[in-house]
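Engineer: Mind having a look at this structure? Questions to follow.
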Amino acid sequence: MFYLDRSPYSTHAMSMSNLGPSHFKGFELSNFQRRAAAALDTDHNILVAAPTGAGKTLVAEYAIHLATSQGKRSLYTAPIKALSNQKFRDFTDDEAIPSVGLSTGDISLQSDAQVLVMTTEILRNTLIEDAESLSDVGVVVFDEVHFMDDPERGSVWEETLMFLPKNVIIVALSATIANLGQFAAWLERVRERPITVVEETKRPVPLKHYLFHPKAGIFGQHRLKQIIKRFSDQSRNRNFKQRDDTELLNNIIDRNNLPALYFCFSRKLTESKAQRTARNRFLTSKDERKQFDEIWQQAKNEFQFNDERGPMASLHDILERGIGYHHAGMLPQQKEIVERLFSKALIKILYTTETFAMGINMPARCVVFDSLMKFDGVDFDYMRTRDYLQMAGRAGRLGMDDEGLVYSVLEFDDVMGAPIHRIQSGGVEPITSRFNLDYATLVHLHGIAGSEQATKVWEKSFAAYQAREHSKQREERNRQRMRAVLKKRFEFLSAMGYIGEGTEILSRGRTSLHLFGYEIQLTEMLYEGIFEDIAPEALSAIVAATIHQGRPRDTYPTHVLRPIQGLFRQAKRVVDYAREQEELAGLTPTIKQLDESMSAAIYEYANGCDFYRLEKFTSAAPGDFVRIARMTVQYLRHLQRLLKDSDPKLAETAKRAVKQIYRGPVDVSAELGLNNQTFDSSKTARTGEESE
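Right under this line is the structure:
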């Protein structure tokens, strides 16, 4: 076995000589999979970094197999609910796993199952709310652990890795990252257990990267300088500025380099491109159209949708031609149908946003990038190498293709100035810590050790570890800055009546521990009487406003909320007061203000409005409504559990609110096959409340 080099500046691991089993579940294991299995056999934590499609999931399954054989439970965490749902289905089909559960906030199934699939946020919340429920867990798999770099949600991964009991084995699966050794060294220190790093750089199906411009055709990166020279005196030529991928599409179709994933960084673009491509092309055969009809009819029976008119009818006409689109604004049932068809190779060209590349196992013969620029949360810029490789990695199907083909569509300015070599061939970016403890976590830490001791948690973070590796001066500067911020946040919690002296947690603080994410807003509304004698539909509308962050161009009919306008005014005053207290403590306000742009639709849906009439009440996409409605259900359930004993009347109101909106496409059951016989009911028996 190997251990990390003990030098504090180590960014590498020594090689491991012995290998584990050569076969598992009927598969012949590759060398990197065998090295990972050998490490797990000796109770090491492992960090596996390998390209998309290399077989990291089999390592996770081996870890789950070991835990099961030892009579211990396994948790599988994923960054997005779509990936959690897919893993739930995969594990349910695995005869070696006796029981499978799912916990995503949308739904809770058999939470004490042998293998429980969950989002990372749910796991972090469980650690703080009910850590005892994890006492029989032997292994936790962190799929896509490089998501720790996400600016908004990355801190959750870091906190979970820090707070999990030390006896739990960690299996961290990642795409290739630049600071693998640094990340592993921190994990070994914070987990207090030897870690084995297994890095695989070779793809099972190699990729070939090409560029395309209508005035240059398809060409390799080696010809870029030549193309630039030819384009250099065409800056005023409009013909060179036109965007047209027809030649590229024809080439891909004529050479049968299908199926193709065509990545666009705009929802509208995925739909408009699919519609345009479908106008004069039929890419499916007669037999394939027969298969399509069978799958469509099966889905129609499951989801009970109307395809005679409206969005399902237009989607049907495009999909029938072997062309489709997929993005987060679609209804879950639409995405589910598209994924089923694509997995059966009945969609030949799928226009999709980058979420399709996040862990979902849907490879293709080739991948096309509509652009090398994307929105990074602040501005449009050329994408990171890691993001490019994550999406490009979907090209090339194991056992079917000798190579995967990747095409990037360039505009004139891209030819002349895009960092193409860096994007396609450069080193992948490092993981950067996003450590930022929220208020509920701070209340929890105060209760364990008091505010002064709680500030020392930062010392164990990856943020502190990264600062330490730069210089003593930088480390001390970061320590002082972090201590100052934490001190102010504890002062805010004290002023608001959440914490007392020593390790005392006050009533408001105890309430906040059950309301992660929007704990201050919901706690304050509870204690200030906003929810007193409230109607279920009004409760749903206010909870939706608490969690929703609309887009600037969102519109809705304001008159719909007139009956509860007074409630909204009171709720806004309560939240604004909390934000003012943050400022008084010397903090930049982090408590989100209420956003009622989705509340009109939620309110009408709770009052019985048919789902397909909701477009009158919101300009948001149907899929966005479903996402917010499901999040609203999640927080209503938090309130229901929290108030079960202390305020049974309001708990009952929350339960009724859930029943009003957890219907139609908002109900996740159909997506998981729980409305038919797809899954063994003994493995997915429902637990918890009826509404769940």
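So the number in this note's numbering is just where the residue sits in the sequence shown, counting from 1, plus 116.
Think of the CB as a built atom: it goes at the ideal place given N, C-alpha and C, for glycine as much as any other residue.
On a predicted model such as this, the values are computed, not experimentally measured, just so you know.
Which residues mark the beginning and the end of the alpha helix (DSSP H) in which F606 is found?
Structural biologist: 588-611 is the extent of the alpha helix (DSSP H) around F606.
Engineer: Tell me which same chain residues have a C-beta within less than 6 Å of the C-beta of R122, skipping the five on either side of it?
Structural biologist: Because R122 sits at a pLDDT of 35, beneath the cut-off of 50, its placement in the model cannot be relied upon, and the following sentence gives the value as read from the coordinates. Around R122: no qualifying Cβ.
Engineer: For the candidate residues E620, T662, S185, L655, whose alpha-carbon lies nearest to that of A565?
Structural biologist: It is E620.
Engineer: Less than 8 Å between the CB atoms is what I'm expecting for M612 and Q697, so what's the real figure, rounded?
Structural biologist: The pair is a contact, with the Cβ atoms about 6 Å apart (cut-off 8 Å).
Engineer: Would you report the Cα separation of K775 and E519, rounded to the nearest angstrom?
Structural biologist: Computed Cα separation, rounded: 50 Å.
Engineer: Does L514 pass the burial test, meaning 16 or more other C-beta atoms within 10 Å, or should it be called exposed?
Structural biologist: Result: exposed.
Engineer: Exposed or buried, what is V494 when buried is set at 16 or more other beta-carbons lying within 10 Å of its beta-carbon?
Structural biologist: Per the 10 Å Cβ criterion, exposed.
Engineer: One question on the structure: do F632 and N241 come within less than 8 Å of each other, judged by their Cβ atoms?
Structural biologist: Going by C-beta atoms, F632 is nearer than 8 Å to N241.
Engineer: For A480, which residues does DSSP report across the bridge?
Structural biologist: DSSP lists A511 as partners of A480.
Engineer: Can you tell me whether K732 is helix, strand or coil according to DSSP?
Structural biologist: Helix.
Engineer: Taking the alpha-carbon of A221 as reference, which of S249, E424, N201, R205 has the nearest alpha-carbon?
Structural biologist: For clarity, residue 221 is Gly in the given sequence; the question names Ala instead. Among S249, E424, N201, R205, the Cα nearest to that of G221 belongs to N201.
Engineer: Does the distance from the CB of N373 to the CB of L521 come in under 8 Å?
Structural biologist: A contact, by the Cβ cut-off of 8 Å.
Engineer: Count the other CB atoms within 10 Å of the CB of Q756; is the residue buried (16 or more) or exposed (fewer)?
Structural biologist: Q756 should be labelled buried.
Engineer: Is the beta carbon of G136 sitting closer than 8 Å to the one on R319?
Structural biologist: The answer is no: Cβ separation not under 8 Å.
Engineer: Measure the Cβ-Cβ separation of L365 and G512 and say whether it is below 8 Å.
Structural biologist: No; because the gap between Cβ atoms is not below 8 Å, this pair is not in contact.
Engineer: In the structure shown, what three-state DSSP assignment does Y504 receive?
Structural biologist: The answer is helix: DSSP assigns Y504 an H, G or I state.
Engineer: Run the CB neighbour count on F398, radius 10 Å, all protein chains shown included, and call it buried at 16 or more, exposed below.
Structural biologist: The residue in question, F398, is exposed, as its Cβ has fewer than 16 Cβ neighbours within 10 Å.
Engineer: Let me confirm a value: A429 is counted as buried when at least 16 other C-beta atoms fall within 10 Å, else exposed. Which label applies?
Structural biologist: A429 is exposed by the Cβ-count criterion.
Engineer: Alpha carbons only, please: which of L677, F408, L561 is nearest the one belonging to M278?
Structural biologist: It is L561.
Engineer: In the structure shown, what three-state DSSP assignment does H560 receive?
Structural biologist: In the structure shown, H560 sits in a helix (DSSP, three-state: H, G or I).
Engineer: Please look up how many angstroms separate the CB atoms of V261 and V175, rounded, as I've assumed it's under 8 Å.
Structural biologist: Not confirmed; about 13 Å, so no contact.
Engineer: Check for me: the alpha helix (DSSP H) holding I286 runs from which residue to which?
Structural biologist: Run containing I286: none in the alpha helix (DSSP H); it sits in the beta strand (DSSP E), 285-290.
Engineer: Following the continuous alpha helix (DSSP H) through A722, name the residue where it begins and the one where it ends.
Structural biologist: Where A722 is concerned, the enclosing alpha helix (DSSP H) stretches over 715-722.
Engineer: Nearest CA to the CA of P705: which residue from D711, E712, A694?
Structural biologist: Taking only the C-alpha atoms, the option nearest P705 is A694.
Engineer: Apply the 10 Å Cβ neighbour rule to Q298 and answer buried if 16 or more other Cβ atoms are within range, or exposed otherwise.
Structural biologist: Its Cβ being crowded by 16 or more others within 10 Å, Q298 is buried.
Engineer: Starting from the C-beta of S138, find all residues in its chain whose C-beta is less than 8 Å away, skip the five residues before and the five after it, and write them out in chain order.
Structural biologist: Taken in chain order, the residues that qualify are E144, L145, R150.
Engineer: With a cut-off of 8 Å, do at least 3 Cβ pairs link the segment 399-408 to the segment 458-473?
Structural biologist: The segment 399-408 vs the segment 458-473: in contact.
Engineer: Going by beta-carbon coordinates alone, are L296 and A165 separated by less than 8 Å?
Structural biologist: Yes, Cβ-Cβ distance for L296 and A165 is below 8 Å.
Engineer: The beta strand (DSSP E) spanning M234 covers which residue range?
Structural biologist: That run of the beta strand (DSSP E) goes 231-235.
Engineer: Is H160 helix, strand or coil by DSSP?
Structural biologist: If DSSP states are grouped into helix, strand and coil, H160 belongs with coil.
Engineer: Check whether the Cβ of H442 lies closer than 7 Å to any heavy atom of the ligand HEM, and answer yes or no.
Structural biologist: No copy of the ligand HEM appears in this structure; indeed no ligand is present at all.
Engineer: At which residues does the alpha helix (DSSP H) containing A294 begin and terminate?
Structural biologist: Element bounds for A294: n/a, residue is neither H nor E.
Engineer: Can you tell me which of L526, C482, E274, N355 puts its alpha carbon nearest to the alpha carbon of D361?
Structural biologist: Of the candidates L526, C482, E274, N355, the one whose C-alpha sits nearest the C-alpha of D361 is L526.
Engineer: Could you give the residue range of the beta strand (DSSP E) that holds E315?
Structural biologist: That run of the beta strand (DSSP E) goes 311-315.
Engineer: F279 lies in the beta strand (DSSP E); which residues open and close that run?
Structural biologist: Note, F279: premise wrong, no beta strand (DSSP E); alpha helix (DSSP H) at 270-279.
Engineer: Within its chain, find whatever has a CB closer than 8 Å to the CB of E177; leave out the 5 residues flanking it on each side and keep chain order.
Structural biologist: Excluding residues within five positions, the ones whose Cβ falls inside 8 Å are F140, K141, D210.
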